[in-house]
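Following my numbering, the numbering of the sequence shown begins with 130 at its first residue and continues without gaps.
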Amino acid sequence: MTSTYLSWASVIIGGILLFSSCLNSNNANIDKSSDAQVYALALSSNADSTGVLSAAEFTIDQVGKKIFNRDSLSYLFAVDSAKLTLSASSTYSPFSQIILTLKNPDSTYSWNGKDSIPPLRLSSIITTAQDGITTKPYDFKLNIYQQDPNILTWTKVTDNYLASSVSAQKTLAIGNTFFTYYVSGGTLKGASTDASGGKNWTEIDIVGLPAGTTPAMITAAGKGAYALGTDQTVYFTPNGATWTSVTTSYPVKAIYGDLPLTTGKTILTVIDDEGTLKFAETENFAAIQVLNTIKSAFPVSAFSTAQVNNPTVFSAKYIAVSGGLRSDNTANNANWLLQRKGETIEAIATETSFSQQGSSIFFYDNKLYLMSSEKENGQNILYNSNYGLNWTKVGKNQTFDPEFTYRTQASVITDAENYIWIFGGVSDASQQLVEVWRGRLNKLAGE
Numbered sequence: 130m131t132s133t134y135l136s137w138a139s140v141i142i143g144g145i146l147l148f149s150s151c152l153n154s155n156n157a158n159i160d161k162s163s164d165a166q167v168y169a170l171a172l173s174s175n176a177d178s179t180g181v182l183s184a185a186e187f188t189i190d191q192v193g194k195k196i197f198n199r200d201s202l203s204y205l206f207a208v209d210s211a212k213l214t215l216s217a218s219s220t221y222s223p224f225s226q227i228i229l230t231l232k233n234p235d236s237t238y239s240w241n242g243k244d245s246i247p248p249l250r251l252s253s254i255i256t257t258a259q260d261g262i263t264t265k266p267y268d269f270k271l272n273i274y275q276q277d278p279n280i281l282t283w284t285k286v287t288d289n290y291l292a293s294s295v296s297a298q299k300t301l302a303i304g305n306t307f308f309t310y311y312v313s314g315g316t317l318k319g320a321s322t323d324a325s326g327g328k329n330w331t332e333i334d335i336v337g338l339p340a341g342t343t344p345a346m347i348t349a350a351g352k353g354a355y356a357l358g359t360d361q362t363v364y365f366t367p368n369g370a371t372w373t374s375v376t377t378s379y380p381v382k383a384i385y386g387d388l389p390l391t392t393g394k395t396i397l398t399v400i401d402d403e404g405t406l407k408f409a410e411t412e413n414f415a416a417i418q419v420l421n422t423i424k425s426a427f428p429v430s431a432f433s434t435a436q437v438n439n440p441t442v443f444s445a446k447y448i449a450v451s452g453g454l455r456s457d458n459t460a461n462n463a464n465w466l467l468q469r470k471g472e473t474i475e476a477i478a479t480e481t482s483f484s485q486q487g488s489s490i491f492f493y494d495n496k497l498y499l500m501s502s503e504k505e506n507g508q509n510i511l512y513n514s515n516y517g518l519n520w521t522k523v524g525k526n527q528t529f530d531p532e533f534t535y536r537t538q539a540s541v542i543t544d545a546e547n548y549i550w551i552f553g554g555v556s557d558a559s560q561q562l563v564e565v566w567r568g569r570l571n572k573l574a575g576e
């Protein structure tokens, strides 16, 4: 019996020794990670009641060794302390050491991973991998708007840039060039300038347009600009100066410009189909696809348009129309949104409480803006709206410059540099204004 007990005891002891040996062997073979990269960073603070800091997304540039937030935090944002969270390649391979460097005043210390840190003073982070050897330095920057991002700053670029007196005018962009078409002494004339500056203008010769063509009949669309003759004939120019007639299968009543589509864009127009006005689309007027009949309240002349193509909303592709006259020459006081729906153009109208006549509509900062013909303190009132359904008067930080003269019928163009350009217009005293203004939101500068 004793022999049996001894035998079992030997087996148990041997098993324990073997298991212990295996454990020691595994521990000896574990390689400590040499990955010192930061894979995620987050900041939060109890003092941040709006959650701006905790919502910030940080970009980690492993090659450039930089960590920063692309979207700046709100103007004047400040907290004294925050919780910092750094994520390594794995929770099983945490950093063996983290060195933080602060500024104003400068200091460097080994961070224990728990204490709060002053986020506005943090300038660099050095992480050491679990192996205790490999390090990775990062420059850190917490971007905060240094000026009110919603201020719209206006500058007068130039004035009196046309060579002779003006009785009517309109400015549009073709490629990288601004063209101002104007009537002087009963003759249609033109001037152009590089769209990046807008200051130095050169007179151009207008060739190929019939007598009686006015600036209001000219629209930028497609690969150039189109003009409507008094007999509803269409003319095209690729360069702003030389025009040729285009044979169309229907008389053209109005041209609204480029309509954004999910597959690109098309030129939207209204044609006369044996006495019935209908929407139609075309690439260059050589072929016209007739669509649905327009509503009787829809404007067909003297209107203002804006292309709406919001990159953050896939379905937000419209032409917005303001002001103008209907086919019976009565005034339109509604904003219209036009969108392609299958084989028809859906036209949604929203009446406004303010006058639309002489207004200028444009799309900026993913919103519709309307430079209305109403005035306040001697200036135009500027409204904005998501898509023209509910208009709100802009705050004082977006009003026009005190030297900006009240006007109607101005040409408004927005560009790729996030500038709003305002050309000409008619003053309260019915005088043509020959000047160029440019404005931009602070938050869009440099984007």
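Glycine is no exception: its CB is placed at the ideal position from the N, C-alpha and C atoms.
On a predicted model such as this, the values are computed, not experimentally measured, just so you know.
Inter-residue spacing [alpha-carbon to alpha-carbon] between Q561 and F432: Straight-line Cα distance between these residues: approximately 18 Å.
The region 378 to 398 contacting the region 350 to 363, beta-carbon criterion three pairs below 8 Å: Touching, yes, given that three or more Cβ pairs across the two stretches are closer than 8 Å.
For V181, the first and last residue of its enclosing alpha helix (DSSP H): Element bounds for V181: 181 to 184.
Extent of the continuous beta strand (DSSP E) to which Y221 belongs: No beta strand (DSSP E) holds Y221; DSSP gives it neither H nor E.
Validate contact between the region 518 to 531 and the region 255 to 267 using beta carbons, cut 8 Å, 3 pairs: Here the region 518 to 531 does not lie against the region 255 to 267, with fewer than 3 beta-carbon pairs under 8 Å apart.
Chain-order list of residues whose beta-carbon lies under 8 Å from that of S183 (same chain, five-residue window excluded): The beta carbon of S183 is closer than 8 Å to those of A171, L172, S173, S174, D177 in its chain, skipping five residues each way along the sequence.
Given 8 Å, three or more beta-carbon pairs between the region 196 to 205 and the region 267 to 287: Result yes; three or more Cβ-Cβ pairs closer than 8 Å.
Simplified DSSP state of P344, which is helix, strand or coil: The answer is helix: DSSP assigns P344 an H, G or I state.
Whole-angstrom distance between T284 and A320, CA atom to CA atom: Distance between the alpha carbons of A320 and T284 is about 21 Å.
Whole-number beta carbon distance between V286 and V565, since they are thought to touch under 8 Å: The Cβ separation is near 4 Å, so the contact holds.
Cβ neighbour criterion (16 or more within 10 Å) applied to L397: Under this definition L397 is a buried residue.
Residues near T263 by beta carbon distance below 6 Å, same chain, minus five either side: Counting only Cβ-Cβ distances below 6 Å, and skipping sequence neighbours, we find S163, A165.
Test: Q560 CB closer than 8 Å to a CB of chain D: Although the question refers to chain D, the structure presented lacks it and comprises just one protein chain.
Rounded distance between the beta-carbons of V541 and I549, thought under 8 Å: So it is a contact: roughly 7 Å between Cβ atoms.
Three-way DSSP call (helix, strand, coil) for L518 in this model: The three-state reading of DSSP puts L518 in coil, since its state is none of H, G, I, E or B.
Paired residues, beta bridge with T188 - DSSP: Bridge partners of T188: F197.
7 Å Cβ shell around S502 - same chain, five flanking residues per side excluded: Result list for S502: S484, Q486, G487, S488, T537, in chain order.
Under the three-state DSSP convention, the category N233 falls into: Coil.
P234 CB to nearest heavy atom of the ligand SAM below 7 Å: For the ligand SAM, the structure offers nothing, since it holds no ligand at all.
Given G651 as reference, the closest of E532, G507, T481, A409 once Cα atoms are compared: Since the displayed the chain opens at 130 and closes at 576, residue 651 lies outside it and no answer follows.
Local conformation of Q527 per DSSP, three classes: DSSP places Q527 in helix when its eight states are reduced to three.
Per DSSP, the bridge partner or partners of A356: The bridge partners DSSP lists for A356 are I347, Y364.
Coil, strand or helix - N571 by DSSP: Under the three-state reduction of DSSP output, N571 falls in the helix class.
Beta strand (DSSP E) runs wholly inside the region 364 to 414, at least 3 long, in chain order: The qualifying runs are 373 to 375, 381 to 390, 393 to 402, 405 to 411.
Host beta strand (DSSP E) of N563 (start-end): Sequence check: residue 563 is Val here, not Asn. Per DSSP, V563 belongs to no beta strand (DSSP E) and is neither H nor E.
8 Å Cβ shell around Y535 - same chain, five flanking residues per side excluded: K504, G507, Q508, N509, S556, D557.
Nearest residue (CA-CA) to G351, options L570, L229, S451, A302: Cα-wise, what sits closest to G351 is A302.
Sufficient close CB pairs (3 or more, under 8 Å) joining the region 241 to 253 to the region 489 to 497: Short answer: they don't touch.
Identified DSSP bridge partners for Q436: Q436 is bridged by DSSP to I448.
Proximity below 8 Å, CB of I448 to CB of Y385: The beta carbons of I448 and Y385 sit closer together than 8 Å.
I347 vs K299 beta-carbon contact at 8 Å: Going by C-beta atoms, I347 is nearer than 8 Å to K299.
Residue from G314, A445, T373 with nearest C-alpha to A297: Taking only the C-alpha atoms, the option nearest A297 is G314.
Exposure label - G326; buried when at least 16 CB within 10 Å: Taking a 10 Å sphere around the C-beta of G326, we find fewer than 16 other C-beta atoms and assign the residue as exposed.
Sub-8 Å separation of T377 and V363 beta-carbons: Less than 8 Å divides the Cβ of T377 from the Cβ of V363.
Cβ contact (3+ pairs, closer than 8 Å) linking the region 365 to 376 and the region 417 to 426: They do not touch, by the three-pair rule.
Identity of the residues DSSP links to K285 by a beta bridge: Paired residues: W566.
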